[in-house]
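Numbering (full-length UniProt numbering), first residue to last: 1 to 214.
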């Protein structure tokens, strides 16, 4: 995350780190949305690297032990349009989950301030992932405004949600799949893609658009 600050883990007990090794490094984020299910970006788990491990409730991006996920389900329409997926844990966990946003879109109106979390690259990490969970609060912007950024012309669809305006505040590589939240625990999107960290808006999977899948 570019332009963020260290997150208060106590505020976000549902944040999840996805790894390929039990004590390995985070490659994507995710959100616990039910006792046995983690929501993340489809492109994070559409992988041929085999087993995915998850770490819940740790601020660190590596080490500290992980549980393994048993079932991987990627949206049938997976592509840029539906960049969402679910991981099923082998055993349910007793932990606070994030709430899913209102289906009518009232939680993610333009101008709403939202917080994104992740262990991705930071502006001063020399291309490395952040070892500590970072957070950043940015405004939701309209898809029309988002589509005016040079790299996004003609690429922003109704299943996407945009937040931030660049200015050095943005998600970056390694933040994919992580939550975009309002009011601390209401999930309105998950990190999907972007261009040139910190220079343009970030693009998220719009949760209201994939509610039937969830």
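Where a beta carbon is used, it is the ideal one built from N, C-alpha and C, also for glycine.
Computed from a prediction, not measured in an experiment: that's the story for all the values here.
Cβ-Cβ distance between residue i and residue j below 8 angstroms
| i | j | result |
| --- | --- | --- |
| residue 39 | residue 190 | yes |
| residue 1 | residue 60 | no |
| residue 198 | residue 166 | yes |
| residue 283 | residue 18 | One cannot answer for residue 283 here, as it falls past the ends of the chain, which runs 1 to 214. |
| residue 101 | residue 32 | no |
| residue 214 | residue 114 | no |
| residue 82 | residue 30 | no |
Length of the line joining the Cα atoms of residue i and residue j
| i | j | result |
| --- | --- | --- |
| residue 157 | residue 122 | 27 angstroms |
| residue 44 | residue 27 | 8 angstroms |
| residue 16 | residue 177 | 9 angstroms |
| residue 204 | residue 180 | 8 angstroms |
| residue 128 | residue 194 | 18 angstroms |
| residue 209 | residue 159 | 5 angstroms |
| residue 186 | residue 99 | 5 angstroms |
| residue 93 | residue 57 | 11 angstroms |
| residue 25 | residue 164 | 27 angstroms |
| residue 136 | residue 117 | 7 angstroms |
| residue 89 | residue 22 | 14 angstroms |
Residue nearest to residue i in terms of C-alpha spacing, selected from the options
| i | options | result |
| --- | --- | --- |
| residue 11 | 184, 145, 213, 33 | 184 |
| residue 109 | 41, 141, 30 | 141 |
| residue 36 | 4, 69, 124 | 69 |
| residue 212 | 182, 126, 111, 103 | 103 |
| residue 138 | 88, 202, 107 | 202 |
Span of the beta strand (DSSP E), counted from its first residue to its last, around residue i
| i | result |
| --- | --- |
| residue 28 | 26–34 |
| residue 153 | Where residue 153 is concerned, there is no enclosing beta strand (DSSP E), given that its DSSP letter is neither H nor E. |
| residue 113 | 113–118 |
| residue 169 | Segment: none, residue 169 is in no beta strand (DSSP E) and carries neither H nor E. |
CB contact check: residue i to chain B, cutoff 8 angstroms
| i | result |
| --- | --- |
| residue 108 | Among the chains in the structure shown there is no chain B, since it carries only a single protein chain. |
Bounding residues of the alpha helix (DSSP H) (the contiguous stretch that carries residue i)
| i | result |
| --- | --- |
| residue 146 | 143–146 |
| residue 45 | 42–45 |
Inset, instruction - Please determine if the region 169–185 and the region 144–158 are in contact, where contact requires at least 3 C-beta pairs separated by less than 8 angstroms. - result: The region 169–185 makes no contact with the region 144–158, as fewer than three CB pairs between them are under 8 angstroms.
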